[in-house]
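S.K.: Please see the structure below; I have some questions.
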Amino acid sequence: MPGVIGETACLAICGAGAVMAYGVRGRSSTLFAPSVYRGPDSQRAIAFTFDDGPSESTPELLRILADCEVPATFFQCGMNVERLPEIAREVARQGHEIGNHSHTHPKFYFRGPEFMHEELARAQAAIENATQVSPVLFRAPFGVRWPGLRAAQQSLNLLGVMWTVIGRDWVLAADAIVRRVLPKIENGAIVCLHDGREVSVRPDVGPTLNAVRRLIPILKAEGYRFESVSQLLCPTN
Ligand SMILES: [Zn+2]
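If you read the sequence shown in my numbering, its first letter stands for residue 3, the second for the next number, and so on.
The following block contains the structure:
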């Protein structure tokens, strides 16, 4: 596995904590796995992404998106998909893109390659079983990439997706989410929000829903077009 050898060598050479921290959590880092954090800036298009679903609140989010005719990308956890397969299926049925967000939403710090591969593979299988869709995108739980993740992604043909702006919607009120996200929107932006809370049952994502209700009309008025992440990355598709 040349990827693992390369990563080990890089760790030995770099060493410094700051470099390590960047490699693991930096949104633009591709040290441990290939990933993107924005689309091309040539078009006035952006992508909303929702992590940690599906949850009991996902249907309400789907209604908001349908009313506004906004496609989005949902990075689903396999465990949540197994708990709520009908909702996972409905996300796909409404034309949204589905990505892999691991099975149990663990932190990958100090985890071995087999553990990471198992997490990605189980989620991939759960999503495929429920929705008949094979994700091509992966978002690391907590944004943590770790040596060995590259091989796991490659074996499942998954491209990593980080974000241009993250709403911190798991702690902020709707007003604060809107104030945080809006100034960072630019052509090609990938926005990270949440329609679940790791693998919790019945999480409160009310602030996210309210923020989305407010953000979409403002961004449309500013001339932005909403696309799935795959559309955003491949404008010719
Ligand atoms: Zn997550």
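Just so you know, even glycine gets a beta-carbon here, dropped at the ideal spot from N, CA and C.
So which residues touch the region around ligand 1, with touch meaning a C-beta under 6 Å from any heavy atom?
M.R.: In chain order, the qualifying residues are Asp53, Asp54, His103, His107 and Pro143.
S.K.: Assign phenylalanine 112 to one of two classes, buried (16 or more other C-beta atoms within 10 Å of its C-beta) or exposed (fewer than that).
M.R.: That one is exposed.
S.K.: Let me make sure I understand the geometry here. Which of Leu122, Leu67, Ser202 and Ala175 has the alpha-carbon closest to that of asparagine 82?
M.R.: Closest option to asparagine 82, Cα to Cα, is Ser202.
S.K.: At the level of alpha carbons, what is the spacing between phenylalanine 110 and glycine 145?
M.R.: Going from the Cα of phenylalanine 110 to the Cα of glycine 145 covers about 9 Å.
S.K.: Is the number of C-beta pairs between the stretch 63–77 and the stretch 218–229 that are closer than 8 Å three or more?
M.R.: Yes: the two stretches touch, three or more of their Cβ pairs being nearer than 8 Å.
S.K.: Determine the extent of the beta strand (DSSP E) in which cysteine 194 is found, giving its start and end residues.
M.R.: 192–196 is the span of the beta strand (DSSP E), which, as asked, contains cysteine 194.
S.K.: Would you tell me roughly how many angstroms separate the C-alpha atoms of serine 37 and valine 183, rounded to the nearest one?
M.R.: Rounded to the nearest angstrom, the two C-alpha atoms are 21 Å apart.
S.K.: Take the Cβ of cysteine 236 as the centre, count every other Cβ of all protein chains shown within 10 Å, and call the residue buried at 16 or more, exposed below.
M.R.: Classification of cysteine 236: exposed, given that the 10 Å Cβ count is below 16.
S.K.: Rounding to the nearest angstrom, what Cα-Cα distance links aspartate 43 and leucine 195 in this structure?
M.R.: When rounded, the distance between both Cα atoms is 21 Å.
S.K.: Does the distance from the CB of threonine 210 to the CB of aspartate 171 come in under 8 Å?
M.R.: It is a contact, given that the beta carbons lie within the stated cut-off.
S.K.: Given 8 Å as the limit, is there contact between the stretch 44–59 and the stretch 77–93, that is, 3 or more CB pairs closer than that?
M.R.: Cβ pair count under 8 Å is three or more, so yes.
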